[in-house]
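Data first, discussion second: the structure below is written as structure tokens.
Chains as they are written, first to last, in the numbering used here: chain A, 40 to 189; chain B, 40 to 189; chain C, 244 to 747; chain D, 244 to 747.
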């Protein structure tokens with residue numbers, strides 16, 4: 040039963056019946072011995088995927104259980120509607136656009152402040168604002184949808 | 040709904056509706072603020088009870104849920120039959136008595152070895168061996184019953 | 244021995260933890276204060292007592308003089324340690340403590356006031372005969388006057404907001420042509436940021452080192468310096484790696500005592516006691532210029548402690564209690580080399596933008612020559628209201644090359660998951676030839692970001708990461724837990740059961 | 244710089260971790276070896292490579308010369324670090340490495356052999372003009388001869404098994420009346436324990452200090468000492484707290500160089516190189532007697548590193564690779580005071596019986612002046628096949644009093660649940676007036692156990708413990724988990740939901 044696993048942009052075929060000598064030595068921490076070499080992997084959840092850290096490198100991995108019917112399927116983004124998320128947890132200082140506004144690539148959409156630093160959230164492409172979901176003063180988590188463009 | 044909580048030999052009435060400012064800051068680790076003072080409690084399971092550590096002190100606590108019908112009731116030991124447990128995890132080197140033997144307080148019953156040290160398990164009182172449950176070579180955990188006297 | 248009955252720690256994070264530890268070593272009970280964001284924080288757990296002082300924004304808690312003093316009284320504390328940041332350099336706070344019968348563990352309110360503005364500090368330094376960066380003392384508005392001054396100083400010059408800080412209202416001017424419009428821009432930026440458009444002109448020191456001198460003095464006029472710290476490696480005008488000694492000391496050993504004496508002279512002029520730091524910039528010819536005095540324990544004080552063997556926090560408490568400084572200048576010795584890395588919740592690949600999140604797994608380095616001053620624990624949720632610094636990792640070794648090797652080793656051991664940090668960035672700096680050669684200046688990081696080698700992809704690790712991720716997700720699903728729940732040994736158990744069944 | 248291609252670490256636990264760290268600082272890849280009991284151990288995770296060498300009992304793994312050498316070859320290692328214990332003082336192993344083209348990071352097989360028996364080492368010391376405890380060199384069987392020798396030495400005397408160790412076959416004899424039967428008892432006990440009933444007679448030094456000297460030498464005849472360590476605090480003939488310097492140095496500063504020179508003389512006589520330790524006992528008058536030479540890195544080497552600033556592991560590797568010792572005797576300086584506590588899985592209230600179990604929660608101390616060399620992690624299952632030492636906690640401070648205060652602070656921070664340890668016992672020693680006064684001798688612990696104050700009961704803490712336990716059990720039950728499962732924030736969640744409902 041082959042899993043569909045995507046690392047970055049690359050889909051990697053996985054056969055879970057063939058595992059190396061691996062031990063979950065602490066929760067989410069895996070010691071792997073392979074060909075006499077020792078590797079330590081750390082796995083932590085991140086927005087519907089997992090982040091795997093090993094030897095100072097981080098890999099974002101989306102692993103879909105074949106039995107689960109591809110619940111974690113590949114994201115479809117960029118063509119139609121696009122949610123604009125907060126770049127970091129913080130407080131919304133200002134929203135710079137309103138529903139219906141046309142926006143250009145690079146234009147400022149909102150200002151989020153965290154740890155005394157203000158950061159402008161910019162439009163990733165040209166489009167139109169179809170929904171504004173945050174207002175000044177809101178506390179937001181990283182990735183929380185601020186507004187949607189299409 | 041009052042819980043039956045036994046600390047050492049003392050039964051302490053508990054009202055769980057009246058809790059101080061307590062936070063489980065890490066699994067099994069509780070930060071308690073009471074009257075402006077800060078306490079850190081650590082709770083770890085130990086043989087059907089929990090060991091609570093605070094300020095360098097350890098308390099063995101048996102807490103029985105009133106709804107659970109006293110599953111963790113008070114131990115009844117010392118009068119009739121008595122199980123003799125291994126004092127530490129290790130290996131049984133020798134069993135010094137057989138079923139039916141009369142034993143005296145302080146008499147050696149078995150030898151358990153751990154970390155290169157041999158330790159004799161002695162009879163806690165006069166009595167008779169009614170069951171021998173370990174044999175030389177057995178690996179045992181701490182508290183594992185080696186034999187029973189009455 | 245017990246110098247105070249109880250000390251209120253008016254801070255949070257790693258520095259609050261460090262102060263609590265120091266107090267415990269002196270057998271003085273600690274009173275922590277906390278905001279809504281910090282109820283679960285380490286400093287609250289480690290202190291004997293804790294007082295709630297308000298909502299998460301620091302203006303409603305850690306900057307509230309009234310609440311902090313009220314907490315001190317309520318708990319019977321007789322002294323306050325302000326740490327760094329927050330109220331540590333607030334003369335009003337120091338004065339309020341003194342008025343309320345609380346010992347402020349720091350300099351007098353008057354010293355703080357005298358050294359508080361850069362301009363005042365500069366005048367003090369000049370009075371003490373200590374070199375400062377050539378430039379105007381007063382705000383310059385007239386274009387004609389500015390042109391004359393700039394010509395005298397020689398280009399390039401730097402425009403600085405008089406009320407400023409953090410790089411706002413600053414402009415580099417390379418020639419007279421640019422001067423007038425630059426003054427206009429800087430002034431209007433300063434006006435917007437600080438409510439005052441006053442700008443002054445300084446000689447621009449190109450690619451300077453930022454080197455500072457640690458001082459400590461008592462109330463009886465004894466004052467010593469503990470040598471220098473190299474703090475040139477900065478991003479967003481904030482230090483990120485500090486060292487003691489400065490690599491410059493190897494080629495210019497005379498700098499330490501020259502700068503040390505200059506720093507002591509300024510402090511003496513200001514009637515200074517307790518710990519303080521004189522900041523200098525040093526140009527390419529090894530000439531140094533006094534910048535300002537930080538009237539508190541510095542973030543990076545630990546590297547000085549490692550090299551001199553002096554515990555600055557213990558001394559702070561001792562001299563605050565009226566004690567006499569137990570060491571003379573000639574007794575202070577420097578041994579080996581120490582490096583500090585500030586571990587921050589930030590993304591070096593995205594302009595060092597602060598990140599956040601909850602720490603999923605934590606493993607801090609240990610063993611020989613490693614000191615970690617940390618506010619972290621597994622499960623810690625990084626509050627977005629405060630500075631993104633999570634911990635300070637310091638190393639000591641017999642020489643700088645070994646210290647760098649040790650720092651690299653310790654950074655490799657340091658694991659924080661769940662929160663994006665700068666650990667990898669710090670580790671790469673340890674491999675940088677310029678860093679290893681000790682060629683440091685305040686423009687180090689932009690240059691490093693350009694020259695550092697791209698990491699080669701490693702398909703083997705990628706394949707293994709894919710496999711581990713799939714096994715992890717399957718085990719979590721099989722155990723009926725959501726993605727967030729983590730229970731020890733799940734994959735091991737699954738391997739022991741399920742997989743054994745498959746393979747045999 | 245890279246002295247070896249790859250080094251096999253022939254050990255486990257904290258010392259294997261310490262060696263891997265040192266190798267990484269020298270940029271040398273490490274090859275760990277592990278038994279069935281240690282697959283999950285820290286040293287296996289931290290090394291670049293790992294080789295399985297057999298079943299849990301050390302006779303089937305860590306003592307198997309053949310498997311260790313085979314692993315070194317298979318992985319392409321060119322040197323072996325033996326750590327302490329196991330094969331570290333086995334001349335046969337050192338010789339086998341040499342024959343197989345592997346550098347043994349330690350002294351030559353010949354030196355190990357020459358210093359291996361106490362009797363041979365004693366003869367070497369006498370040849371070097373170093374004082375030894377007065378007594379016979381040969382086994383004594385004739386009662387008449389024994390009476391004559393004992394009378395010459397003066398009572399009390401000590402009978403010792405020639406083949407012995409660990410206190411077996413030892414008898415104190417206070418007068419001639421007791422002598423004959425004591426010889427009979429000691430001899431038969433030695434016969435049973437070691438297969439040899441040979442016993443010799445020594446002058447008994449009453450309440451001696453156990454003080455040792457750290458040495459290091461290269462293959463070119465350079466040899467220095469790094470001063471003394473005080474190791475008098477022992478239980479079951481094993482050290483539990485060590486210090487550098489010895490508190491005795493304060494009153495007898497001449498001892499360090501006198502003993503240091505004696506130790507160097509013995510080592511020179513044996514053609515010694517690499518790290519080694521000369522053990523002495525010191526009587527109440529400050530006279531010292533050579534006991535034996537330990538031909539390896541000692542457990543307690545870290546306190547010497549903290550005080551001298553010398554990294555012994557780095558030097559071991561350097562001199563093993565043929566390098567010249569980079570320091571002269573006159574360059575070695577001692578600064579401040581260091582204390583080491585051996586943290587063990589043992590029960591001080593039950594005769595220091597080893598305990599076991601799985602570490603449920605772990606929090607190791609940090610901050611200024613603390614070094615932890617540890618093999619622990621949350622979830623670690625203490626293997627019962629090996630030594631019960633879990634970690635070494637070391638502190639350094641500017642003077643001994645501050646080091647004790649810091650040690651106490653760090654022990655209070657150290658939390659291990661799930662396994663009974665000696666942490667509380669160690670903490671109580673830090674409060675002992677005899678310890679604080681530095682009045683140490685090998686009988687310290689029995690005396691301490693008698694004089695230490697009973698802890699007063701604290702009903703308030705007991706009540707709170709009861710409450711916490713009940714809340715904990717209820718939250719675990721409510722969440723549908725067994726007693727063993729622990730999920731973060733369960734009580735907090737329960738408080739936020741259930742309790743809020745009750746109270747509002």
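Ideal Cβ placement from N, Cα and C applies to all residues, glycine included.
First and last residue of the alpha helix (DSSP H) that includes residue 366/C? 361-370
Compute the Euclidean distance between the alpha carbons of residue 547/C and residue 553/C, then round it to the nearest angstrom. 8 Å
Rounded C-alpha distance that separates residue 504/C from residue 531/D: 48 Å
Can you say whether residue 558/D is buried or exposed, counting buried as having 16 or more other CB atoms within 10 angstroms of its CB? buried
Quick one: list the residues of chain A neighbouring residue 291/D, beta-carbon separation under 7 Å, in chain order. 76, 77
For the alpha helix (DSSP H) containing residue 289/D, name the first residue and the last one. 285-289
How about residue 183/A and residue 124/A: are their beta carbons less than 9 Å apart? yes
Leaving out five residues on either side along the sequence, give the residues of the same chain with a beta carbon under 6 Å from the beta carbon of residue 613/C. 638, 653
Rank 484/C, 625/C, 606/C, 717/C by C-alpha distance to the C-alpha of residue 656/C and give the top, closest one. 606/C
Check the Cβ-Cβ distances between residue 726/D and every residue of chain C, and say whether any is below 9 Å. Confidence at residue 726/D is low in this model, with a pLDDT of 36, below 50, so its placement is unreliable and no value can be given for it.
When the Cα atoms are used, what is the spatial distance from residue 602/C to residue 254/C? 21 Å
Counting only the same chain and skipping the five closest in sequence on each side, list residues whose C-beta sits under 6 Å from that of residue 108/A. For residue 108/A, the predicted structure reports a pLDDT of 48, less than 50, and the residue's modelled location is therefore unreliable. A value from the coordinates is still provided. Excluding residues within five positions, none has a Cβ falling inside 6 Å.
Distance, residue 581/C Cα to residue 642/C Cα: 8 Å
Does the beta-carbon of residue 731/D have 16 or more other beta-carbons within 10 angstroms, so that it is buried, or is it exposed? Any reading at residue 731/D needs caution, since the residue's pLDDT is 40, under 50, leaving its predicted position unreliable; the model's value is listed next. Buried is the call here.
Pairwise C-alpha distance: residue 589/C and residue 140/A: 32 Å
Where residue 693/D falls: helix, strand or coil (DSSP): helix
Using the beta-carbon count (16 or more within 10 Å), is residue 57/A buried or exposed? exposed
Residue-level contact to chain C via CB, residue 55/A, 9 Å cutoff: yes
Pick from 455/C, 387/C, 447/C that is closest to residue 424/C, judged by C-alpha positions: 387/C
Minimum C-alpha distance to residue 597/C - residue among 568/C, 649/C, 575/C, 664/C: 664/C
Assigned secondary structure, residue 546/D (DSSP; H/G/I helix, E/B strand, else coil): helix
At what residues does the alpha helix (DSSP H) containing residue 340/D begin and finish? 334-342
Quick one: does residue 114/B have its CB under 9 Å from some CB of chain D? With a pLDDT of 36 at residue 114/B, under the threshold of 50, the modelled position of that residue is not reliable, and no figure is offered here.
Whole-Å CB distance - residue 455/D paired with residue 472/D, under 8 Å assumed: 5 Å
Where does residue 60/B sit, in a helix, a strand or coil, going by DSSP? strand
Bridge partners - residue 322/C, DSSP secondary structure assignment: 250/C, 346/C
Euclidean distance between Cα positions of residue 635/C and residue 540/C: 14 Å
Verify the CB distance criterion: does residue 51/B have a CB-CB separation below 9 Å to chain C? no
The beta strand (DSSP E) that contains residue 267/D, what's its start and end? Careful: residue 267/D lies outside any beta strand (DSSP E), inside the alpha helix (DSSP H) at 256-268.
With 16 other CB atoms within 10 Å as the buried threshold, where does residue 143/A fall? exposed
Straight-line CA distance for residue 399/D to residue 438/D? 27 Å
Would you say the stretch 504-519 of chain D touches the stretch 674-693 of chain D, given that touching needs at least three Cβ pairs under 8 Å? no
Give me the DSSP bridge partner(s) of residue 42/A. 53/A
Partners in chain D for residue 610/C, counting only beta-carbon separations shorter than 8 Å: 260, 261, 264, 614, 615, 616
Within 9 Å, strictly: CB atoms of residue 629/D and residue 154/B: yes
Roughly how far, in whole angstroms, is the beta-carbon of residue 704/D from the beta-carbon of residue 43/B, given that I think they are within contact range, below 8 Å? At roughly 20 Å, the Cβ-Cβ gap does not stay under 8 Å, so residue 704/D and residue 43/B are not in contact.
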